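In terms of the working numbering, the sequence shown is residues 4 to 144.
Below is one structure, written out as C-alpha cells; comments come after it.
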Amino acid sequence: MVEDVLIPHDGSEPSERALAHAMEIAPDAHLTLLTVIDPSSGFGAGAGAPGAAEVWYRSEKSQVEARLAGAKQTAEQQGMVVETVVEMGRPARTIIDHANSNDIDRIIMGSHGRRGVSRLLLGSVAETVVRCSSIPVTVVP
4 MVEDVLIPHD
14 GSEPSERALA
24 HAMEIAPDAH
34 LTLLTVIDPS
44 SGFGAGAGAP
54 GAAEVWYRSE
64 KSQVEARLAG
74 AKQTAEQQGM
84 VVETVVEMGR
94 PARTIIDHAN
104 SNDIDRIIMG
114 SHGRRGVSRL
124 LLGSVAETVV
134 RCSSIPVTVV
144 P
C-alpha cells in the first residue's frame, strides 16, 4: 500500500528536515507539501487601503509557491511523487482539516523548538496538531 503523507512546509530548516525524514522513511509515499498562509500575518497590511490585503496575499502566495517548487524539485529528484498545496487559514486547524479531507495516512512536520516563555506565549503549531489530529503525526526536531 502506498502511503499518503502530508508535510506542512514553511521553508524553514525544521520543515526541510521533515521532508528529508519523510523521503527516508517512506520512499514510496505520495507526498503533499502544504503551506498555510496565516491571514493574521498580513493583518494591517496597507492599513485599510483599497486592495491592500489582496496585494499582500498575492505576494505571499507567490513567495510560498517559489519555496514549494524548490522543495518539490528536491523530492522529485529522489523519485518521490509530490503535490504542492497552498491554503489560507489558521495553520494548525488548516493542517488537520487538509489531512482529514484528503485521506492522508500520516503527517510529518518540523518543530521550531521554542522553549520556555516563548512557547507559552506563542503556542506551537506542531503541538496543536499532535493533540488534535486523529491521524498519526511524526514531529521532527
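All C-beta atoms, glycine included, are put in the ideal place defined by N, C-alpha and C.
These numbers come from a predicted model, not from an experiment.
Reduced DSSP secondary structure (H/G/I, E/B, other) of E79 | Reduced to three states, the DSSP call for E79 is helix.
Does the Cβ of P11 have 16 or more other Cβ atoms within 10 Å, making it buried, or fewer, making it exposed?
-> So P11 ends up on the buried side.
Under 7 Å between the Cβ atoms of V89 and T35?
-> no
Indicate the three-state DSSP secondary structure (helix, strand or coil) for H33 in the structure shown.
-> strand
Residues near G92 by beta carbon distance below 7 Å, same chain, minus five either side = Counting only Cβ-Cβ distances below 7 Å, and skipping sequence neighbours, we find V39.
Can you give the Cα-Cα distance for N103 and L22, rounded to whole angstroms?
-> 20 Å
Residue(s) in a DSSP beta bridge with V84 | Beta-bridge pairing by DSSP links V84 to H33.
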